[in-house]
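Written below as structure tokens is the structure these notes are about.
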Amino acid sequence: MLKTTHLNIGYGKHFVQRGLNLSASAGDLICLTGTNGTGKSTLLRTLAGLQKTLGGHITIQGKDVEKLTNAERATLLSLVLTDTITVENLTLHDLVAMGRFPYTNWAGKLSEEDENIINQSLEQVNLTHKANCYICEVSDGEKQRCVIAKALAQDTPLVLLDEPTAHLDLPNRIEIMLLLRRLSVNMRKTFLLSTHELDLALQMADKIWLMGNDGVQVGIPEDLMLDGKFQETFGSDTFRFDETDGHCKINHPMGNLEVAVIGEKPAILWLERALLRCGIRTVPTADITIEAHHDHFAIGDRKANSIEETLKLLAEK
Amino acid sequence: MMGVVLVCDIIFGSVRLPLEALWSDDILYREIIYNFRLPKALTAVITGAAISVAGLIMQTLFRNPLAGPYVLGVSSGASLGVAVYLLAGGLLPVALTQSGWGLVIAAITGAVLVLLLVLAVSLHVRQAVSLLIVGIMFGQIAGSLVTILQNSSNPDSLKLFVVWTFGSLSAVGWNYMQVMLLLITVGLTIVFAIQKSLNGLLLGENYAQGLGINITRTRFLIIVAVALLAGTTTAFTGPIAFIGMAVPHLVRGLFRTSDHSITIPGTMLCGAILLLLCDLATQLPADGYTLPINAISALVGAPIIIWIILKNKRTIEN
Numbered sequence: 057m058l059k060t061t062h063l064n065i066g067y068g069k070h071f072v073q074r075g076l077n078l079s080a081s082a083g084d085l086i087c088l089t090g091t092n093g094t095g096k097s098t099l100l101r102t103l104a105g106l107q108k109t110l111g112g113h114i115t116i117q118g119k120d121v122e123k124l125t126n127a128e129r130a131t132l133l134s135l136v137l138t139d140t141i142t143v144e145n146l147t148l149h150d151l152v153a154m155g156r157f158p159y160t161n162w163a164g165k166l167s168e169e170d171e172n173i174i175n176q177s178l179e180q181v182n183l184t185h186k187a188n189c190y191i192c193e194v195s196d197g198e199k200q201r202c203v204i205a206k207a208l209a210q211d212t213p214l215v216l217l218d219e220p221t222a223h224l225d226l227p228n229r230i231e232i233m234l235l236l237r238r239l240s241v242n243m244r245k246t247f248l249l250s251t252h253e254l255d256l257a258l259q260m261a262d263k264i265w266l267m268g269n270d271g272v273q274v275g276i277p278e279d280l281m282l283d284g285k286f287q288e289t290f291g292s293d294t295f296r297f298d299e300t301d302g303h304c305k306i307n308h309p310m311g312n313l314e315v316a317v318i319g320e321k322p323a324i325l326w327l328e329r330a331l332l333r334c335g336i337r338t339v340p341t342a343d344i345t346i347e348a349h350h351d352h353f354a355i356g357d358r359k360a361n362s363i364e365e366t367l368k369l370l371a372e373k
Numbered sequence: 002m003m004g005v006v007l008v009c010d011i012i013f014g015s016v017r018l019p020l021e022a023l024w025s026d027d028i029l030y031r032e033i034i035y036n037f038r039l040p041k042a043l044t045a046v047i048t049g050a051a052i053s054v055a056g057l058i059m060q061t062l063f064r065n066p067l068a069g070p071y072v073l074g075v076s077s078g079a080s081l082g083v084a085v086y087l088l089a090g091g092l093l094p095v096a097l098t099q100s101g102w103g104l105v106i107a108a109i110t111g112a113v114l115v116l117l118l119v120l121a122v123s124l125h126v127r128q129a130v131s132l133l134i135v136g137i138m139f140g141q142i143a144g145s146l147v148t149i150l151q152n153s154s155n156p157d158s159l160k161l162f163v164v165w166t167f168g169s170l171s172a173v174g175w176n177y178m179q180v181m182l183l184l185i186t187v188g189l190t191i192v193f194a195i196q197k198s199l200n201g202l203l204l205g206e207n208y209a210q211g212l213g214i215n216i217t218r219t220r221f222l223i224i225v226a227v228a229l230l231a232g233t234t235t236a237f238t239g240p241i242a243f244i245g246m247a248v249p250h251l252v253r254g255l256f257r258t259s260d261h262s263i264t265i266p267g268t269m270l271c272g273a274i275l276l277l278l279c280d281l282a283t284q285l286p287a288d289g290y291t292l293p294i295n296a297i298s299a300l301v302g303a304p305i306i307i308w309i310i311l312k313n314k315r316t317i318e319n
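So the sequence lines, in the order shown, correspond to chains A and B.
According to our numbering, the first sequence is numbered sequentially starting from 57.
According to our numbering, the second sequence is numbered sequentially starting from 2.
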């Protein structure tokens, strides 16, 4: 569906990535992730035709994107960008209606079919009841869903989204990802989104495009994690990805204090987290041992009722 | 409403006419109405509509509520043309300076020159904001040249120039009117033809491009349309302040929409009515004395702009 061959991207004479060979199939939800400056936005902008390729080819459904006119390209891919929309007096319906631009006449007159598609798109993102609200009156989450509805109304096989979950709170971030997940399955659309939300990406994506300084690693989330590619790409001494659950753990030892921890779950888990947070290493052979019980903690003969008190006891030592 | 204002504008003037004058056979009345009042009222209608639409599409292009037809240096360019013509006129051939067309041609030349420069830059600059700044800079340069010219010219031609900058709707006779109407019609036709692209531009250039709109071509057409609309009116009537900037806001507020298929005709109508009202206001002192139109249009336009800023502040705080 989407295919790049030996694609070079960058600005002017400055190359950001070289020789990218990437491909996506219909119905894929692909998360593009990586550290800042590795070219996530540049890749999206290049695929979208907003900036020129510096060599290589991009094809969508077999068509060379660079040879298409703007109007033809707009029927193959639609965009959800980070650009803020600040139009006064624009209703959600009218914003979604703009998605029909590639199909309407010079005056932009909407046919009955166009109206149907607009209504369906609004329904897909659960905004039918707000169709006549103005864009400046709705929340950021609703605004983002509306822009996604605009992209749906554009009726393209490929949708590119640049950090669609930035600036949203946790429930909205999850809702947007679930929405994309559902749409990719139901409508067989391909979604390619850049994101810094590793947790969400790992749990929702069909494929991860992991951008490093020297190319892109492609694979399903679990394989990339198992092969240590995440650690490699984001590689740093200050945190590591937990090999059991994929969450990142910050690692910042302070001082030489080492303790051993024994006891029952879940108390022991949260105690370990607290120690990690305070920069105290947990080593099984350490001199100090903390026992975690379901209702109290103990260091030698001293007892503490909460983790906070335990930390205070440790501080005294 | 427009009809009423139009009739009022024809009746009230330095000589007040009775309403019957509109259909009376009195040769004096006919003379006044046909040769003075009617052309002036029509000029107000055309000018009001044209500069307001120019303001509307500028605000859309720059996505900046305070853009107006003059930010691209149109009025400064026209002023420079007129200043060269009036203040350094001694150097030009007599045949050109004697006919009334000289002033008009000078103004249009000045406006078009500045816009051509801006247009050339627009092909190389991606960001509309940079283009806005370039336009303002060209305007500043033209303004400085005007000041230099003023400084070194004789008092008589200086007075002529200053009077031109006051703006006047009464200088357009029937022979000028045809040319003005033709150029404005071409400008308005372009604007109507690109209304869909204008709507797309509301979302910003990236989104517009994503919707299949050719940005370079649209931007080119917008600048050509502004040159025709603002350049022509400035040439014939002098710079008329604030109307172009203020009217689009009034219309978006009145109709509660940003859709250009509504705001373009709405802006034309409101611009025409507002300038007619301004023209009526210039005749308030009555009996042989009128105020310069530019003073009145600023008195009307500036409060509207202050209101916009206060309103925007409120939305940001919310």
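Each residue gets a CB set at the ideal place from its N, CA and C atoms; glycine is no exception.
Note down, one range per segment and in chain order, each alpha helix (DSSP H) of at least 4 residues found wholly within the segment 100 to 179 of chain B.
Runs of the alpha helix (DSSP H) inside the segment 100 to 179 of chain B: 102 to 123, 129 to 152, 156 to 167.
Just list the residues that DSSP pairs LEU73/A with in beta bridges.
Just to set this straight, residue 73/A is Gln in the shown sequence, not Leu. Paired residues: ILE65/A.
Say whether chain A places a C-beta atom closer than 8 angstroms to the C-beta of TYR208/B.
True, the Cβ-Cβ gap to chain A drops below 8 angstroms.
Under the three-state reduction of DSSP, which class applies to PHE290/A: helix, strand or coil?
coil
Within chain B, the residues that SER134/A reaches when beta carbons sit closer than 7 angstroms:
GLY211
Using a Cβ cut-off of 7 angstroms, pull out every chain A residue sitting near ILE263/B, in sequence order please.
Listed along the chain, the chain A residues whose CB falls inside 7 angstroms of the CB of ILE263/B amount to none; the nearest CB is some 10 angstroms away.
CA nearest to the CA of ASN207/B, picked from ASP283/A, LEU216/A, GLN287/A, THR184/A:
LEU216/A
According to the neighbour-count rule (16 or more other Cβ atoms, all chains shown, within 10 Å of its Cβ), is ILE317/B buried or exposed?
Legend: pLDDT at ILE317/B = 47, less than 50; position of this residue unreliable, value from coordinates given subsequently. Classification of ILE317/B: exposed, given that the 10 Å Cβ count is below 16.
Give the secondary structure of ALA222/A by DSSP, where H, G and I count as helix, E and B as strand, and everything else as coil.
coil
Report yes if the C-beta distance between MET59/B and GLY74/B is below 8 angstroms; otherwise report no.
no
Can LEU276/B and GLY49/B be called in contact, C-beta distance under 8 angstroms?
yes
List the residues that DSSP assigns as beta-bridge partners of GLY319/A.
ALA348/A
Straight-line gap, LEU104/B to VAL83/B (C-alpha atoms, nearest Å)
Near 6 angstroms, if we compare the C-alpha coordinates of VAL83/B and LEU104/B.
Only counting the same chain, and skipping five residues up and downstream in sequence, which positions put a Cβ closer than 7 angstroms to that of SER259/B?
LEU203, ARG253
Short Cβ contact (8 angstroms threshold) for GLY213/B with PRO158/A:
yes
From TYR86/B, TRP24/B, ILE109/B, pick the residue whose C-alpha is nearest to that of ALA236/B; which is it?
ILE109/B
With a CB to CB cut of under 8 angstroms and the five nearest residues on each side skipped, what residues in its chain are close to LEU132/A?
ILE116, GLN117, LYS119, VAL121, LEU124, THR212, PRO213, LEU214
Could you name the residues of the segment 179 to 198 of chain B whose beta carbon sits closer than 8 angstroms to any beta carbon of chain A, in the order they occur along the chain?
ALA194, GLN196, LYS197
Alpha carbon to alpha carbon, how far is GLY105/A from ASN182/A? Give it in angstroms, no decimals.
C-alpha of ASN182/A to C-alpha of GLY105/A: approximately 30 angstroms in a straight line.
Determine, using beta carbons only, whether PRO213/A comes closer than 8 angstroms to chain B.
No, PRO213/A lies away from the interface with chain B (no Cβ there is under 8 angstroms from its Cβ).
Which class does CYS189/A belong to by DSSP, given the choice of helix, strand or coil?
coil
Cβ contact (3+ pairs, closer than 8 angstroms) linking the segment 23 to 38 of chain B and the segment 212 to 227 of chain B
no
Could you confirm whether any beta carbon from chain A is found closer than 8 angstroms to the beta carbon of GLU21/B?
no
Please list, in chain order, the chain B residues whose beta carbon lies closer than 7 angstroms to that of GLU144/A.
Near GLU144/A (Cβ distances below 7 angstroms), the residues of chain B are ARG253, SER259.
Out of GLY111/A, ASN126/A, TYR190/A, point me to the one whose CA is closest to HIS149/A's CA.
Comparing alpha-carbon positions, the option among GLY111/A, ASN126/A, TYR190/A lying closest to HIS149/A turns out to be TYR190/A.
What in chain B is Cβ-close to LYS141/A, meaning under 9 angstroms?
Going by the sequence as given, residue 141/A is Ile instead of Lys. Simply LEU203, LEU204, GLY205, TYR208.
For SER123/B and LEU249/A, the rounded distance between their alpha carbons:
32 angstroms
Span of the alpha helix (DSSP H) around VAL152/A:
It spans 148 to 153 - the alpha helix (DSSP H) in which VAL152/A sits, taken as one unbroken run.
Span of the alpha helix (DSSP H) around GLN210/B:
From DSSP, the alpha helix (DSSP H) with GLN210/B extends over 206 to 211.
Can you tell me whether VAL215/A is helix, strand or coil according to DSSP?
The answer is strand: DSSP assigns VAL215/A an E or B state.
Can ILE47/B and LEU182/B be called in contact, C-beta distance under 8 angstroms?
yes
Is it buried or exposed for TYR290/B, if we count other Cβ within 10 angstroms and need 16 for buried?
exposed
Between which two residues does the beta strand (DSSP E) holding GLN273/A run?
271 to 275
Is the Cβ-Cβ distance between ILE223/B and LEU62/B less than 8 angstroms?
yes
Contact list for ASN215/B against chain A, beta-carbon separation under 9 angstroms:
THR125, ASN126, ALA127
Would you kindly work out how many angstroms separate the C-alpha atoms of LYS312/B and PRO266/B, rounded to a whole number?
Their Cα atoms are separated by approximately 24 angstroms.
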